[in-house]
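Q: My questions will all concern the structure given below.
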Amino acid sequence: MRRFHSNYFLHGLALIGVRAVLGVGSERGSPFNIQRSLHVPNLTLDDLADVFAGEKLNLSALLQRYREYLQRLEAKGLSPWQGQPRRSDLHLTEAVGHFHLYAWLRQAVGRLCIVSPEFPTGNPDEMVLPEFHWASGKVDLCIICKGKKGIIEVKSFVDKSDLEKSLEQAATYASSLELSEVTLAVFVPTKDQEILDTLSTRQEIEGVLVQVEAIGWG
Numbered sequence: 019m020r021r022f023h024s025n026y027f028l029h030g031l032a033l034i035g036v037r038a039v040l041g042v043g044s045e046r047g048s049p050f051n052i053q054r055s056l057h058v059p060n061l062t063l064d065d066l067a068d069v070f071a072g073e074k075l076n077l078s079a080l081l082q083r084y085r086e087y088l089q090r091l092e093a094k095g096l097s098p099w100q101g102q103p104r105r106s107d108l109h110l111t112e113a114v115g116h117f118h119l120y121a122w123l124r125q126a127v128g129r130l131c132i133v134s135p136e137f138p139t140g141n142p143d144e145m146v147l148p149e150f151h152w153a154s155g156k157v158d159l160c161i162i163c164k165g166k167k168g169i170i171e172v173k174s175f176v177d178k179s180d181l182e183k184s185l186e187q188a189a190t191y192a193s194s195l196e197l198s199e200v201t202l203a204v205f206v207p208t209k210d211q212e213i214l215d216t217l218s219t220r221q222e223i224e225g226v227l228v229q230v231e232a233i234g235w236g
């Protein structure tokens, strides 16, 4: 981990990067050009009561809103994945899902929460930037709302064995941050609901509740 001494610099840099990649404010857009999808209402009149009501953030409920948002896009004939960069195996690159979910979270709860790829150390003048494992398809997002903290680890699905390893790593990471829960948002290259339901699990690993939320993409 690398330490930085300016929160504003980091948040500003992250926001500039996201806006640039998404093509926000650009007539031509970008190779990712998913800004059209951001104009589809995120939550309509949803007050997110079930996300914030408990002692801890209900990130599974929040990610369910994201799934519903993707469904609304599809119903309007829009796909944030169309024309996006793909790997040699023709699956979407990990960065596509990372940036789209991050941008959606900022749109959906950015007025109520801090959504950041950084995790605070407790020192207001210092932040810790976790390592980004782009090759393995994993990045961590921190959400802070009214004193409640939660982590979403974003990952692209490779196979079941790789996912099991990710669960253990996520539990270890959450434990190191003294958190009792962690949520994995796993992008899976299928829209088969039965498969997505099978992959979406809840289990306790070494005292940490690890929740997997499988998200179909194409």
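The working numbering applies: residue 19 is where the sequence shown begins, and numbers increase by one. Note that the Cβ used here is the ideal one computed from N, Cα and C, for glycine as well. All figures in this text were calculated on a predicted structure; none of them were measured in a lab.
1) Can the beta-carbon of residue 255 be found closer than 7 Å to that of residue 116?
2) Taking DSSP's pairing of strands, which residues face residue 190 in a bridge?
3) Could you say which of 66, 109, 74 lies nearest to residue 199 if we only look at CA atoms?
4) Where does residue 209 land, buried or exposed, given buried means 16+ other C-beta within 10 angstroms?
5) What residue range does the beta strand (DSSP E) around residue 199 cover?
6) Secondary structure at residue 231, three-state DSSP: helix, strand or coil?
7) Classify residue 176 as helix, strand or coil using the three-state DSSP reduction.
8) Looking only at its chain, what residues have a beta carbon closer than 7 Å to the beta carbon of residue 188, apart from the 5 residues adjacent to it on each side?
9) With DSSP as the reference, identify every bridge partner of residue 110, one or two as the case may be.
10) Using the three-state DSSP reduction, which class does residue 115 fall into: helix, strand or coil?
11) Can you check which of these residues, 215, 196, 205, 183, is closest to residue 166 by C-alpha distance?
12) So for residue 158, helix, strand or coil by DSSP?
13) Can you give me the Cβ contacts of residue 214 inside the same chain, cut-off strictly under 8 Å, excluding the 5 residues immediately before and after it?
14) Looking at residue 131: is its Cβ nearer than 7 Å to the Cβ of residue 163?
15) Considering only their Cβ atoms, is the gap separating residue 114 from residue 123 smaller than 7 Å?
16) Distance check for residue 80 and residue 222, CA to CA, integer angstroms please.
17) Compare the beta carbon distance of residue 230 and residue 204 with 7 Å and say whether it is the shorter of the two.
18) Confirm, please, whether the CB-CB distance from residue 112 to residue 174 is below 7 Å.
19) Using a 10 Å radius around the Cβ and a threshold of 16 neighbouring Cβ atoms, would you call residue 103 buried or exposed?
20) Can you check whether the CB of residue 168 is closer than 7 Å to the CB of residue 77?
A: Let me lay it out:
1) Residue 255 is absent from the structure shown; the chain starts at 19 and stops at 236.
2) Residue 190 pairs with nothing; no bridge assigned.
3) 74
4) exposed
5) 199–206
6) strand
7) Coil at residue 176, not helix or strand.
8) 171, 200, 202, 228
9) BP columns for residue 110 point to 104.
10) helix
11) Checked all of 215, 196, 205, 183; the closest Cα to residue 166 is 196.
12) strand
13) 206, 208, 232, 233, 234
14) yes
15) no
16) 20 Å
17) Yes, the Cβ-Cβ distance between residue 230 and residue 204 is below 7 Å.
18) Cβ atoms of residue 174 and residue 112: closer than 7 Å.
19) exposed
20) yes
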